[in-house]
DNA sequence: CTTCAAATCCAACAAAAGTTCCAGACACAC
DNA sequence: GTGTGTCTGGAACTTTTGTTGGATTTGAAG
């Protein structure tokens with residue numbers, strides 16, 4: 007942590023297409039922040055914290071209900087960017103952002119971003135693409151919650167070829183049951199049960215402490231139909 | 007239907023702030039379409055149908071699962087606009103759009119919209135606001151599905167002071183149980199049960215054929231906590 | 001090696017949601 | 001009127017999910 011944390015602005019989606027000169031005002035208006043593990047980068051409902059570019063560490067974006075159950079929308083590892091919605095419209099942050107590890111982030115206020123967007127229309131175009139993309143992802147999450155059972159969602163999580171996009175940085179095998187539960191919007195016990203049933207059905211197998219996908223076709227079927235695929239007892243004959 | 011259907015472009019959120027001159031290319035690139043009741047304006051997954059401005063009729067935006075259950079995201083009455091996400095990024099339509107009644111709509115292709123946005127940065131700025139807003143709404147829907155029980159969601163639907171935003175054009179009292187079910191992401195029977203239990207709890211009452219909100223505080227409590235509020239048997243003493 | 005905290009396993013139970021079924025009510029066309 | 005289709009009311013049942021509680025394993029720290 008002694009090394010000065012830097013960030014490659016031009017590889018953030020919001021600033022792709024800008025040359026070194028155009029990036030100067032971006033860098034000038036960014037502010038660097040450090041967050042110890044367990045602290046909040048910002049909270050849901052608070053005034054817009056602006057655009058966040060994470061240069062080091064890991065962050066959880068989530069919502070919580072009054073009883074304390076979490077719904078983790080994203081689990082991000084640097085480099086990553088988030089809070090684009092509130093950065094763009096200046097409204098309250100839609101999510102809580104918690105530092106899972108010690109973090110370093112560069113931020114741009116809503117005002118700075120607006121200025122940058124109006125002087126560089128490339129940035130505004132990038133923002134448009136980003137928001138459209140977030141929209142599609144959120145809608146997919148909504149569909150999962152509406153139509154998929156928990157084993158189905160779990161299967162989808164294990165398929166993970168960006169099934170949950172860049173929103174979840176870890177392979178599910180390295181997530182705790184608690185984390186999987188909060189990603190799937192349920193509780194730890196239910197995830198444990200689902201893991202066991204997927205294993206006895208042969209879709210997952212245990213590698214050491216962790217589960218690994220064992221039958222990709224089966225997982226896909228489960229994710230799409232909510233049904234465990236029928237074993238073909240006689241494939242040929 | 008003999009009258010030529012027109013539309014006031016400048017009162018659409020995407021084109022607010024444009025004067026008559028600036029609106030000329032918008033009008034020039036728009037195309038008028040007529041859809042009979044029961045037909046599709048566009049389908050989920052198909053190539054971007056572009057931006058839709060509904061000038062007459064009523065449209066349902068929904069997703070369906072393989073078993074045929076519907077999730078209605080919006081039920082819109084003219085004037086209204088939709089499919090902004092696919093119009094902006096040119097990707098496939100995220101939802102199905104079905105004409106509930108005979109409809110007239112004006113459309114802008116992804117290409118035309120892109121051209122308009124690059125020549126009039128006001129339009130791009132408006133698009134940005136719209137996408138951010140849709141995002142917040144979708145996220146709220148997601149939270150509802152994650153944390154709220156069906157009676158809770160139903161209570162929220164009845165509160166309806168834009169609880170479901172401009173996405174649902176009818177007051178819940180005029181929606182069929184089937185429609186409410188597809189808005190809440192469940193089935194007709196479950197909605198019927200929830201309606202009865204809300205009525206016996208005194209939160210709704212029946213006015214003729216329809217249900218009406220009877221206890222706004224109670225509905226609010228239910229929507230927020232998933233618990234029927236405790237009747238205070240002795241308020242003063 | 002011992003000890004502690006966290007993560008896991010597992011069973012039994014409770015509650016919520018989904019399903020199936022059928023009987024009325026109502027609206028509209030004939 | 002009579003039929004026909006849609007919408008509603010409601011019971012009984014199944015499945016899924018949530019909850020509780022205790023036993024066991026694991027990994028890291030001492």
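Protein chains in written order, with the working numbering: chain A, 7 to 243; chain B, 7 to 243.
C-beta: ideal position from N, C-alpha, C; glycine also.
Small disclaimer: the values here were computed from a predicted structure and weren't measured.
What does a CB cutoff of less than 6 Å around residue i pick up in its chain, not counting 5 residues either side in sequence?
i, result
"residue 94 (chain B)", "133"
"residue 164 (chain A)", "178, 219, 225"
"residue 2 (chain B)", "Since the displayed chain B opens at 7 and closes at 243, residue 2 (chain B) lies outside it and no answer follows."
"residue 194 (chain A)", "183, 184, 187"
"residue 23 (chain B)", "128"
"residue 81 (chain B)", "66, 174, 175"
"residue 87 (chain A)", "18, 59"
"residue 150 (chain A)", "159"
"residue 102 (chain B)", "49, 50, 68"
"residue 14 (chain B)", "none"
By alpha-carbon positions, which one of the options ends up nearest to residue i?
i, options, result
"residue 55 (chain B)", "B:62, B:46, B:140", "B:46"
"residue 40 (chain A)", "A:48, A:99, A:221", "A:48"
"residue 36 (chain B)", "B:52, B:111, B:17, B:97", "B:111"
"residue 217 (chain A)", "A:230, A:76, A:202", "A:202"
"residue 233 (chain B)", "B:15, B:209, B:72", "B:209"
"residue 131 (chain A)", "B:121, B:146, B:174", "B:121"
"residue 51 (chain B)", "A:174, A:170, A:146", "A:146"
"residue 75 (chain A)", "B:88, B:152, B:81, B:78", "B:152"
"residue 98 (chain A)", "A:115, A:82, A:87", "A:115"
"residue 139 (chain B)", "B:70, B:73, B:90", "B:90"
"residue 204 (chain B)", "B:84, B:214, B:171, B:162", "B:162"
"residue 222 (chain B)", "B:137, B:207, B:215", "B:207"
"residue 85 (chain A)", "A:102, A:16, A:33", "A:16"
"residue 113 (chain A)", "A:180, A:33, A:83", "A:33"
"residue 96 (chain A)", "B:136, B:215, B:21", "B:136"
Distance cutoff 8 Å, beta carbons only. Does residue i sit that close to anything in chain A?
i, result
"residue 42 (chain B)", "no"
"residue 77 (chain B)", "yes"
"residue 125 (chain B)", "no"
"residue 71 (chain B)", "yes"
"residue 153 (chain B)", "yes"
"residue 108 (chain B)", "no"
"residue 148 (chain B)", "yes"
"residue 85 (chain B)", "no"
"residue 133 (chain B)", "yes"
"residue 12 (chain B)", "no"
"residue 7 (chain B)", "Note on residue 7 (chain B): pLDDT 46, under 50, position unreliable in the model; the coordinate value appears next. With 8 Å as the cut-off, residue 7 (chain B) does not count as an interface residue toward chain A."
So, does the CB of residue i fall closer than 8 Å to a CB anywhere in chain B?
i, result
"residue 117 (chain A)", "no"
"residue 159 (chain A)", "no"
"residue 223 (chain A)", "no"
"residue 244 (chain A)", "There is simply no residue 244 (chain A) to check, as chain A begins at 7 and stops at 243 in what is shown."
"residue 140 (chain A)", "yes"
"residue 235 (chain A)", "no"
"residue 145 (chain A)", "yes"
"residue 47 (chain A)", "no"
"residue 231 (chain A)", "yes"
"residue 122 (chain A)", "no"
"residue 111 (chain A)", "no"
"residue 94 (chain A)", "yes"
"residue 129 (chain A)", "no"
Spatial neighbours of residue i within its chain, please: C-beta separation below 8 Å, excluding the five flanking residues on both sides.
i, result
"residue 240 (chain B)", "Only weak support is given to the placement of residue 240 (chain B): the predicted model assigns it a pLDDT of 40, under 50, and the value that follows is read from those uncertain coordinates. Correct list: empty, nothing qualifies."
"residue 156 (chain B)", "190, 192, 196, 197, 200"
"residue 12 (chain B)", "61"
"residue 72 (chain B)", "none"
"residue 92 (chain A)", "54, 55, 56, 98, 99, 100, 116"
"residue 154 (chain A)", "162, 229, 232"
Which residues in the same chain have their Cβ closer than 7 Å to the Cβ of residue i, if we skip the five residues on either side of it in sequence?
i, result
"residue 158 (chain B)", "228, 229, 232"
"residue 171 (chain A)", "143"
"residue 8 (chain A)", "Interpretation of residue 8 (chain A) is limited by its pLDDT of 41, a score under 50 that renders its predicted location unreliable; the figure taken from the coordinates is listed afterwards. None."
"residue 77 (chain A)", "68, 69, 188, 191"
"residue 118 (chain A)", "35"
"residue 43 (chain A)", "105, 106, 107, 108"
For the ligand NAP, is there any heavy atom lying closer than 7 Å to the beta carbon of residue i?
i, result
"residue 199 (chain B)", "Of the ligands one can find in the structure shown there are none, so the ligand NAP has no counterpart to examine."
Next item on the list: Residues of the region 17-44 of chain B with a CB closer than 7 Å to any CB of chain A: list them in chain order, please.
Entry: For the region 17-44 of chain B, the set of residues with a beta-carbon nearer than 7 Å to any beta-carbon of chain A is empty.
Checklist line | the region 65-74 of chain B touching the region 101-112 of chain B, judged by at least three CB pairs closer than 8 Å | finding: Yes: at least three Cβ pairs fall under 8 Å.
Note to self: Check whether the region 125-140 of chain B and the region 23-40 of chain B are in contact - that is, three or more C-beta pairs closer than 8 Å.
What the structure shows: These segments touch.
Item checked: Chain-ordered residues of the region 178-204 of chain B with a beta carbon less than 7 Å from chain A -> Residues of the region 178-204 of chain B that bring their beta carbon within less than 7 Å of a beta carbon in chain A comprise 191, in sequence order.
Item checked: Members of the region 49-69 of chain A that neighbour chain B once the beta carbon cut-off is set at 9 Å -> Along the region 49-69 of chain A, going in chain order, the ones with a CB nearer than 9 Å to a CB of chain B are 69.
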